[in-house]
Every structure is written in C-alpha cells, then in structure tokens.
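Chemist:
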Amino acid sequence: MDEARPGTLDVIIITNGPGEVAGWVSPVCLSLAKTGEPIRVSVFLVPCPFATGREADVLTSLPGVSKVYRPAESLLFAIWGRRPEGFSPGEYGVVLHLGGDFWYSARIAQKLGFPALAYSDRSATWISRFSAFAVEDSRVRDKLISKGVPAGKVRVVGNLMIDGIMAAGQGAVPVEGTIPIQGPGPVEEASPRVLLGLNPDARCVLLLPGSRGRIATHFIPFLLDAAQVMAAVDKGIQFVLALSPFIPRETVESILEDMAAERNIKLVGPGERFLAMRACDLAISLPGSVTAELAFLGVPMIVTVPLRHWEVVPLPGALGLLGMIPGIGRLARYWGIRRATRKISYLALPNKRARRYIVPEMVGRVGARDVAIAALELLESPARREAMSRELRQAMGEPGAAGKLVEMVMSVAGRQGSPGNPPGNHCVAGGGGGGG
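Going by our numbering, the first residue of the sequence shown is number 108, and it counts up by one from there.
(1) Buried or exposed, going by whether 16 or more other CB atoms sit within 10 Å of the CB of D341?
(2) Let me know the secondary structure DSSP gives L456 once reduced to three states.
(3) Assuming the contact rule is C-beta atoms closer than 8 angstroms, V201 and P222 should be a hit. Round their C-beta distance to whole Å, please.
(4) Excluding five sequence neighbours on each side, which residues of the same chain lie with their C-beta closer than 8 angstroms to the C-beta of E127?
(5) Let me check one thing: in DSSP terms, what residues is L389 bridge-paired to?
(6) Along the chain, where does the alpha helix (DSSP H) containing E180 start, and where does it finish?
(7) If you count every other CB in all the chains shown that lies within 10 Å of the CB of I186, and 16 or more means buried, which is it?
(8) If you draw a straight line from the alpha carbon of G197 to that of S245, how long is it in whole angstroms?
(9) Helix, strand or coil for L382 per DSSP?
(10) Please confirm whether M337 and I344 have their CB atoms less than 8 angstroms apart.
(11) Quick one: give me the first and last residue of the beta strand (DSSP E) that K342 is part of.
(12) My output table needs one value for F237: the three-state DSSP class, helix, strand or coil.
(13) Please look up how many angstroms separate the CB atoms of L152 and V175, rounded, as I've assumed it's under 8 angstroms.
(14) Check this for me: beta carbons of V470 and P457, under 8 angstroms apart or not?
(15) Are there 16 or more other CB atoms within 10 angstroms of the CB of T159, so buried, or fewer, so exposed?
(16) Specify the secondary structure class of A368 as computed by DSSP and reduced to three states.
(17) Among the residues of its own chain, which have a CB less than 7 angstroms from the CB of Y199, if the five just before and after it don't count?
(18) So L152 is in the beta strand (DSSP E); what residue range does that whole segment cover?
(19) Specify, as a first and last residue, the run of the beta strand (DSSP E) that P413 falls within.
(20) In its own chain, which residues sit with a C-beta less than 6 angstroms from the C-beta of G290, not counting the 5 before and 5 after it?
(21) Ignore the nearest five residues each way along the sequence and tell me which others in V264's own chain have a CB closer than 6 angstroms to its CB.
(22) Need the endpoints of the alpha helix (DSSP H) that Y211 sits in, please.
(23) Anyone know if the C-beta pair for R310 and G405 falls short of 8 angstroms?
(24) Just the C-alpha distance for E364 and N371, rounded to the nearest angstrom, thanks.
(25) Straight-line CA distance for T142 to E514?
(26) Check this for me: beta carbons of L350 and P377, under 8 angstroms apart or not?
(27) Go to T122, then tell me how far its alpha helix (DSSP H) extends in each direction, as first and last residue.
(28) On a CA-only basis, which of L374, P352, F353 is nearest I362? Give me that one, please.
(29) Whole-angstrom Cβ separation of I119 and L224, contact assumed at under 8 angstroms?
(30) Determine the burial state of G220: buried for a count of at least 16 other Cβ atoms within 10 Å of its Cβ, exposed for fewer.
(31) Tell me which residues share the same chain as V412 and place their Cβ nearer than 6 angstroms to its Cβ, disregarding the 5 neighbours each side in the sequence.
(32) Is the CB-CB distance between A386 and L331 below 8 angstroms?
(33) Alpha carbon to alpha carbon, how far is L137 from A274? Give it in angstroms, no decimals.
(34) For P394 versus L303, is the C-beta spacing smaller than 8 angstroms?
(35) Could you tell me if K260 is buried or exposed, where buried requires 16 or more neighbouring beta carbons within 10 angstroms of its beta carbon?
(36) Need the endpoints of the beta strand (DSSP E) that A225 sits in, please.
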C-alpha cells in the first residue's frame, strides 16, 4: 500500500462482482480523483457467486486505486481482523459499500474504526452500522425508512450505473449521430458501422455472451446457432459479437475459429463495445449490467436465459454457496434456479426500473430458434424498435449519481470544506433523502 502524506483520506471500497466494479466502483473512483483532495483508495473484493476472477485486474486500472485485496483476504480481515499484507490505513477514512453482503462493510468499518456509507439499488442490512445511505430512487429510500433508517440518513442520488457507462468510455461515443474522427486534416464524421468496417446499409445484430467465461463458453454456441437461423432467413444481416472486459479474448476465439467466417460474425473487444452497441439495430443478451448500457444508448434488445446448461448459472446468497459444494451442490443449484425463475419478476435492468416489460425476456426451455424468430420479428418492425428505444432511455435516468455519492463520502469524512482541509468529526450527508 502506498505511503500516504499527512491528512490523506483513506476511502475503503467494498465490492464484489463485474457489474458492481464496472457500473459502481469505476465512476466513483473517477469522481474521487476529481475532488482535488488527498485521497487513497483501497478496494476489498468480497466473495460473490457472480465473480469472474478478473475483477482485480480491472480495478487496478482505475484512477486512484492504490491496492486491491482478494476475497480471501477480505474474509480473514472481516472475521478475525487479520489485515492483509501491506494494508496500513491512516487515521482518517471512510468505508464505502459498493456491492456484496453488507456484513463485510459493517465488519471492516468496525475493525478500522471508520464510519461506513452504503450505496444501494434495492435494500440494505446491518443498517445500524452505517452512517448514511445513498440510494437509487425514492422506492429504495422508502424501503429503508420503513426498516427504521432515519430519513436524514438517506439521500437519493440516482442510478450510479449510468455514470459507470459514461466512465467506461461512453463520453467518446455520442449517444446519437455520427462520431468525430480526428486525423491530420480537418475533423471528419463517420458512423459507428463504418468505423467497425460494417456495411452501413445492412441490418446488424449484436451478440453479447456475458461477463463470465464459464457461462460464455456455453452461451456463445447458442448465440451462433441463433445467428445461423437468422442468416438463413436474411443473408444480409450482419452479426457482431462484443466481449466484456472480464472475458479474455482467447476464451472465445477458439469457439469462433471455425465459425466466424462461415456465419459472418465480427468479434470486437472491450474497447469497441459501445461502438458496437451504437452500430447495431438489435442486441441479444444475457441479463446483467450490459442491459443497462444498452438501455442508456437506446438499443432494442432481447434478454434470454436458456436453461439447457443450468448447472453453470450463478446464484446469489446461501444458494450460491451451496451450489459450489460437491454432491448436494448440483441439486441445490437446480432447485434454486427453478425457484428463482418463478419468483423474479424482471431480469433486464430497464424492465426492473420501469416495473414492466419494455424489452422481451425469454427464460427457461428456450431454443436458439425461438430467440432467432423473436429477433427477426423485432427487426421487421422499425416502429416497435423505435418505441422500445425511446422507452429504454426514459427508464434509465440521467447521469450525476457518482458526484453526489462522492459529496456524501466527503461529508461523512467531515471534509465539506475546500480541498486539503483536515478531517473533522464525521457527519451524515444530504438531509431528508432529497431528489436525485
């Protein structure tokens, strides 16, 4: 851990999976870096059934992140107080919960003697251990207040994931219109399709295999089968398969090696994902944070969970842990998935936010042909796609949550004055759960 100069504020971020890292931690780190305060960021990854194993690699590339600690180190620290090697926080600090079980944040804050602040898009536990809560909307605020959290400790900041999309490079890819290309001469404009080497006049479908390598190895063949069905109906359709930053390119290249040319699949890496989203008329995706990215850009989509390989589907909480145990794990996972598919109302994040089906969800005994037919029907209806695009953008809200959350961090730390002021006694931010 880097040596901090006097007066440095330690921000200890607790997080877990790929969606939280990309959608929540990334924009917060960017906003912290813009404060002008002497801040040192340490990130503790906690156990998560949705983790990819590449979260630490992504986190170390974020601005201001001094050190990343693995789940095993976080667990030992939370339970026994055993500090990871090299972890030596200063006198002043804040624990910021950005994903995972709230217990980890509460325990680590207790071990350090730091105040704790949490961001939540659903609810919270261990509420008495937190100085303040930043929440996505008034629905979450009301839920926390009903659980006994004083209204003055809750502030609506908005949808942090929108800021995550901006932080991931969306600022360089406008939501609409052409994209400026800076060359040796005058600035020129080009469409996303031209920049990707696609036919600007042919329809294009984006294939998104998720952020977990084990699932992607099963879902990519499913997507390719769907693409083959669609291409048999319309040979002019172009297909783009975009990789998550959490999936190594080599994981999928072997699958595509003999299929990409035959099925007209263009593979793009993480740096071109947003460009690919802008380029396509329609996306086919698993659930996850990528559905929020697509929604923010107004990209029509079909969200599907084909359960023919249910044994690789991750589950949250105790069921996720049980599912990892040899023997009983397989039965626990099967039961958990059946229960989840009956209980969960919405899988796509824009559907969850709108509390209705803006985009279709196809779950269970779904074949590639079923998804292909649904996609073809949507491609044949420009009016339906245009309406879907408009509703998706409306559902996701506006950016700005990261800046408001950082204001709360500084308030809880007692740094409400100008940059460089010494910390005072921590206080709760942002009165009465005001608007986002």
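Glycine is no exception: its CB is placed at the ideal position from the N, C-alpha and C atoms.
Modeler: Based on what the coordinates show:
(1) The sequence position of residue 341 within the sequence shown is 234, counting from 1. Exposed, by the Cβ-count rule.
(2) Counted from its first residue, the sequence shown places residue 456 at position 349. Helix, per DSSP.
(3) Sequence index remark: in the sequence shown, residue 201 carries index 94 (1-based). Sequence index remark: in the sequence shown, residue 222 carries index 115 (1-based). Rounded, the Cβ-Cβ distance is 6 angstroms, consistent with contact.
(4) Residue numbering aside, residue 127 sits at position 20 when the sequence shown is read from its first letter. So the list reads L205, G206, G207, once near-sequence residues are dropped.
(5) Looking up residue 389 in the sequence shown gives position 282. The partner list for L389 (beta bridge, DSSP) reads V312.
(6) Mapped onto the sequence shown, residue 180 falls at position 73. Taken as a continuous stretch (DSSP letters only), the alpha helix (DSSP H) holding E180 covers 178-187.
(7) As a position in the sequence shown, residue 186 is number 79, starting the count at 1. Exposed is the call here.
(8) Locating residue 197 in the sequence shown gives position 90, counting from the first residue. Locating residue 245 in the sequence shown gives position 138, counting from the first residue. Using only the alpha carbons, I get a separation of about 35 angstroms.
(9) Locating residue 382 in the sequence shown gives position 275, counting from the first residue. Reduced to three states, the DSSP call for L382 is helix.
(10) On the sequence shown, position 230 is the one that residue 337 refers to. On the sequence shown, position 237 is the one that residue 344 refers to. Result yes, Cβ atoms of M337 and I344 sit closer than 8 angstroms.
(11) Counting from one through the sequence shown, the residue named residue 342 turns up at place 235. Neither: K342 is in no beta strand (DSSP E) and is coded neither H nor E.
(12) Position 130 of the sequence shown, counted from the start, is the residue given in the question as residue 237. Residue state, collapsed to three classes: coil.
(13) To locate residue 152, count along the sequence shown from 1; it is residue 45. To locate residue 175, count along the sequence shown from 1; it is residue 68. Contact flag correct, Cβ pair sits at about 7 angstroms.
(14) Numbered from 1 along the sequence shown, position 363 holds the residue referred to as residue 470. Numbered from 1 along the sequence shown, position 350 holds the residue referred to as residue 457. In this structure, P457 does not lie closer than 8 angstroms to V470 by Cβ.
(15) In the sequence shown, counting from the first residue as 1, residue 159 sits at position 52. Buried.
(16) Your numbering for residue 368 matches position 261 in the sequence shown. Bear in mind that a pLDDT of 47 at A368, under 50, signals an unreliable position, so the number given afterwards is only what the model happens to contain. In this structure, A368 counts as helix in the three-state DSSP scheme.
(17) For this step, residue 199 is matched to residue 92 along the sequence shown. The answer, listed in chain order, is L116, D117, A520, P530.
(18) Mapped onto the sequence shown, residue 152 falls at position 45. Per DSSP, L152 belongs to the beta strand (DSSP E) from 146-152.
(19) Locating residue 413 in the sequence shown gives position 306, counting from the first residue. Note, P413: beta strand (DSSP E), 408-413.
(20) The count along the sequence shown starts at 1 and reaches residue 290 at position 183. Model confidence at G290 stands at a pLDDT of 44, short of 50, so the residue's coordinates are unreliable; what they give is reported in the following sentence. No residues qualify anywhere along the chain.
(21) What you label residue 264 is simply residue 157 of the sequence shown in a count that begins at 1. The answer, listed in chain order, is A241, A508, K511, L512, G543.
(22) In the sequence shown, residue 211 corresponds to position 104, counting from 1. 209-219 is the span of the alpha helix (DSSP H), which, as asked, contains Y211.
(23) Against the sequence shown, residue 310 aligns to sequence position 203. Against the sequence shown, residue 405 aligns to sequence position 298. Going by C-beta atoms, R310 is not nearer than 8 angstroms to G405.
(24) As a position in the sequence shown, residue 364 is number 257, starting the count at 1. As a position in the sequence shown, residue 371 is number 264, starting the count at 1. Rounded to the nearest angstrom, the two C-alpha atoms are 12 angstroms apart.
(25) The sequence position of residue 142 within the sequence shown is 35, counting from 1. The sequence position of residue 514 within the sequence shown is 407, counting from 1. If I take the Cα positions, the gap works out to 9 angstroms.
(26) Along the sequence shown, read from residue 1 onward, the residue named residue 350 stands at position 243. Along the sequence shown, read from residue 1 onward, the residue named residue 377 stands at position 270. Yes, these two residues count as a Cβ contact at 8 angstroms.
(27) Numbered from its first residue, the sequence shown carries residue 122 at position 15. Careful: T122 lies outside any alpha helix (DSSP H), inside the beta strand (DSSP E) at 116-122.
(28) Against the sequence shown, residue 362 aligns to sequence position 255. Comparing Cα-Cα distances from I362 to each of L374, P352, F353, the minimum goes to L374.
(29) Looking up residue 119 in the sequence shown gives position 12. Looking up residue 224 in the sequence shown gives position 117. That pair is no contact at about 10 angstroms.
(30) Here the question's residue 220 lines up with position 113 in the sequence shown. The residue in question, G220, is exposed, as its Cβ has fewer than 16 Cβ neighbours within 10 Å.
(31) Working through the sequence shown from its first residue, we reach residue 412 at position 305. Counting only Cβ-Cβ distances below 6 angstroms, and skipping sequence neighbours, we find V470.
(32) Counted from its first residue, the sequence shown places residue 386 at position 279. Counted from its first residue, the sequence shown places residue 331 at position 224. Not closer than 8 angstroms, so no.
(33) For the purposes of this step, residue 274 is taken as the residue at position 167 of the sequence shown. For the purposes of this step, residue 137 is taken as the residue at position 30 of the sequence shown. Rounded to the nearest whole angstrom, the C-alpha separation of A274 and L137 is 7 angstroms.
(34) On the sequence shown, residue 394 is found 287 positions in, with the first residue counted as 1. On the sequence shown, residue 303 is found 196 positions in, with the first residue counted as 1. The answer is no: Cβ separation not under 8 angstroms.
(35) Numbered from 1 along the sequence shown, position 153 holds the residue referred to as residue 260. Its Cβ being crowded by 16 or more others within 10 Å, K260 is buried.
(36) Your numbering for residue 225 matches position 118 in the sequence shown. Counting along the chain, A225 sits inside the beta strand (DSSP E) bounded by residues 223-227.
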